[in-house]
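All the letters of the sequence shown, read from the start, carry residue numbers -5 to 311 under my numbering.
Report on the structure given below.
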Amino acid sequence: MKNLPFSNGDTMPALGLGTWKSNDDEVYHAVRAAIETGYRHIDCAAIYLNEAEIGRAFADAFKAGDVKREELWVTSKLWNSSHRHRDVRPALEKTLKDLRLDYLDLYLVHWPVVLKPGVVFPASPDDFLSLDEVPVSETWKGMEACLRDGLCRHTGVANFSIAKLKKLLAVAEYPPENNQIELHPYLPQNEMLAFCQKENIVLTAYSPLGSRDRPAPFKAADEPDLFTHPVIAGIAEKHGCTPAQVLLQWAIARGTAVIPKSVNPQRIRQNFEAAALRLGAEDMAAIAGIDQSYRFISGTFWTGGDTPYTLKSLWEE
Ligand code: A2P
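Set out below in structure tokens:
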């Protein structure tokens, strides 16, 4: 397994298990199966509302001797309703309690979007606060305090544009070390990749398989399919592997981490085995040609009406 280095010498396994959309009754077995398969990187978030079950899986895996805490890389994310400086630490403490851990390897600011305290998902524009009211710099001070106090080993962000990363880098005492964003051949984000390589920010690719199990309100009517694109399907056939494996190895070969979600033991194994696939330069070049600048996670749930956010202010593209 390729490992991605952080500046203090810690390394994050390039392939991890995603847990968004994994239900409480599935995620325990998914995490146990992933650890048994050899995964050493599990990606979590408070808003996935399944951290307590993941914590149970970790505790049982440690007890069974499947893995030691220090061999696992665990990421989680601060939800949008806890962006005030004073709310960051309690949010992280709740995640640690649920995950039954005493530190995280990586803690991320989940979105550059602020919701009022206590709001899980916004029902109206009144549920939002703007980034002028609670700037990222305030949230980041809370993240830095958690880092200093050892509640997490590394801090980063998710869904941040280059402009927002630059703004944060300008004020951060401890710079963000990771940006977790949507990345796949329909949205390769080449400029972001180059920027992050220059700034020593590890990129993590979410929705690498197109996130087809998203709830209907998060889906567009005629989404493009990654698995059946002739270039992806053709490369899979040539290498005798699955389209999913091509997509995952493409991400790893570009130097990013990748966190496919699965609750199916066969697919959990299949995805893990993608780390051993080798794509040729001609494969990578062919895949580079299928960019459609297409976001599966469009961000429209934060915008529209009188919310303080627009798609332009969110992605800054
Ligand atoms: P399942 O959990 O039943 O395996 P993403 O990581 O982009 O969010 O995609 C997750 C979706 O892709 C889920 O529906 C998941 O279903 C499915 N999936 C995960 N691995 C594979 C695979 N190797 N082949 C096909 N579908 C997969």
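Beta carbons are placed, not taken as given, at the ideal position from N, Cα and C, and that holds for glycine.
- Within the same chain, 68, 70, 146 come within 6 Å of residue 98 by CB-CB distance, once the 5 residues on both sides are set aside.
- The C-alpha of residue 184 is placed about 14 Å away from the C-alpha of residue 289.
- Proximity to residue 133 across 152, 103, 161 peaks at 103, based on C-alpha coordinates.
- In the three-state reduction of the DSSP assignment, residue 79 falls in the helix class, which pools H, G and I.
- The C-alpha of residue 217 is placed about 26 Å away from the C-alpha of residue 233.
- Per the coordinates, the alpha-carbon of residue 181 lies some 26 Å from the alpha-carbon of residue 302.
- For the ligand A2P, a non-hydrogen atom lies closer than 8 Å to the CB of residue 239.
- The DSSP-derived three-state label of residue 6 is strand.
- Within the region 226 to 285, the alpha helix (DSSP H) runs of at least 4 residues that lie entirely inside it are, in chain order, 237 to 247, 259 to 267, 275 to 282.
- The shortest CA-to-CA distance from residue 195 to any of 206, 225, 162, 283 is the one to 162.
- For the alpha helix (DSSP H) assignment, the uninterrupted runs of no fewer than 4 residues enclosed by the region 65 to 132 are, from N- to C-terminal side, 79 to 93.
- With 16 or more other Cβ atoms from the protein chains shown falling within 10 Å of its own Cβ, residue 101 counts as buried.
- In the DSSP assignment, residue 172 is bridged to 196.
- The three-state secondary structure of residue 44, taken from DSSP, is coil.
- For the ligand A2P, no non-hydrogen atom lies closer than 8 Å to the CB of residue 32.
- Per the Cβ contact rule, the region 190 to 207 is in contact with the region 166 to 182 (3 or more Cβ pairs under 8 Å).
- Annotated as proximal: residue 51 and residue 22, with beta-carbon spacing under 9 Å.
- Note that the C-beta distance between residue 114 and residue 73 is below 9 Å.
- In this structure, the beta-carbon distance from residue 40 to residue 92 falls below 9 Å.
- For residue 207, the CB falls within less than 8 Å of some heavy atom of the ligand A2P.
- Taking the C-beta atoms as reference points, residue 157 is found no nearer than 9 Å to residue 174.
- For a cut-off of 8 Å, the C-beta gap from residue 56 to residue 106 is around 34 Å, too long to register as a contact.
- Counting only residues of its own chain and dropping the five nearest sequence neighbours on each side, residue 135 has a CB closer than 7 Å to the CB of 79.
- For residue 238, the closest C-alpha among the options 119, 47, 248, 223 is that of 223.
- Listed in chain order, the non-local C-beta contacts of residue 286 below 6 Å within the same chain comprise 180, local neighbours out to five positions each way being set aside.
- In the three-state scheme derived from DSSP, where H, G and I count as helix and E and B as strand, residue 55 is classed as helix.
- With a cut-off of 8 Å, the C-beta of residue 203 is classified as near the ligand A2P, since at least one heavy atom of the ligand falls inside that distance.
- For the options 269, 259, 47, the alpha carbon positioned closest to that of residue 244 is the one of 269.
- Of the other Cβ atoms in all chains shown, fewer than 16 fall within 10 Å of the Cβ of residue -4; this residue is therefore exposed.
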